[in-house]
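Inspection log for the structure reproduced underneath, given as structure tokens.
What follows is the structure in structure tokens.
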């Protein structure tokens with residue numbers, strides 16, 4: 111059983127969880143919303159992946175717990191636009207940054223109303239042991255639930271890491 115920890119607002123967490131579970135019909139993935147109230151309860155869980163979409167400064171009193179969770183997880187997907195400070199991670203090869211800045215591993219080349227051009231800037235090994243190579247990919251935006259750019263980047267990154275080819279439309 112895989113545990114995916116998501117540090118985000120409740121609304122963002124629900125959108126990400128529902129979209130992933132809609133596309134990946136696996137019953138062995140459990141999503142856990144990590145916030146200030148729940149962090150003490152999840153501090154001993156070994157997460158396979160942690161997604162850091164919320165500001166880490168909110169966790170300044172619990173930063174040691176959050177760093178331990180990230181240190182012990184296989185992948186850490188982090189928004190570097192809102193979290194410029196570094197967090198301690200055991201294997202930097204498994205840290206995947208995303209954002210609109212040029213230094214992020216997963217960034218955006220262009221945005222339109224109907225699609226988004228995502229640029230993957232670094233080779234990384236995915237969960238299946240395959241190499242995710244540098245690429246640029248056009249993704250059609252699904253207008254029915256109007257995902258934010260960061261949510262699209264999270265979903266794209268998650269689907270690439272989990273070797274899912276269902277990423278033509280998000």
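Residue numbers (the working numbering): 111 to 280.
A virtual CB, placed ideally from N, CA and C, is assigned to each residue, including glycine.
Distance between residue j and residue i (C-alpha atoms, nearest Å)
i           : j           : result
residue 258 : residue 269 : 17 Å
residue 117 : residue 124 : 11 Å
residue 195 : residue 271 : 23 Å
residue 173 : residue 156 : 17 Å
residue 145 : residue 130 : 20 Å
residue 220 : residue 265 : 17 Å
residue 248 : residue 147 : 38 Å
residue 231 : residue 250 : 20 Å
residue 208 : residue 143 : 19 Å
residue 127 : residue 120 : 10 Å
residue 151 : residue 267 : 27 Å
residue 293 : residue 191 : The structure shown does not extend to residue 293, since the chain is modelled only from 111 through 280, so no value can be given for it.
Residue closest to residue i, alpha-carbon to alpha-carbon, out of the options
i           : options               : result
residue 180 : 135, 194, 220 and 154 : 154
residue 252 : 188, 191 and 222      : 222
residue 137 : 187, 112, 151 and 159 : 112
residue 236 : 119, 177 and 185      : 185
residue 204 : 239, 164 and 146      : 239
residue 256 : 224, 151 and 241      : 224
Within 8 Å, strictly: CB atoms of residue i and residue j
i           : j           : result
residue 243 : residue 233 : yes
residue 260 : residue 211 : no
residue 274 : residue 133 : yes
residue 187 : residue 206 : yes
residue 161 : residue 183 : no
residue 215 : residue 263 : no
residue 122 : residue 158 : no
Rounded distance between the beta-carbons of residue j and residue i, thought under 8 Å
i           : j           : result
residue 282 : residue 169 : Only positions 111 to 280 of the chain appear in the structure, and residue 282 is not among them; the question remains open.
residue 197 : residue 167 : Not quite, the Cβ-Cβ distance comes to about 12 Å (not below 8 Å), so this is no contact.
residue 114 : residue 141 : 5 Å
residue 213 : residue 193 : Actually they do not touch by this definition, with Cβ atoms about 13 Å apart.
Would you mind listing the alpha helix (DSSP H) stretches within the segment 116-158 that are 4+ residues and don't spill past its ends, in chain order? 120-133 and 149-152
Fully enclosed by the segment 172-253, which alpha helix (DSSP H) runs are 4 residues long or longer? Those alpha helix (DSSP H) runs which fall completely within the segment 172-253 and span 4+ residues are 173-182.
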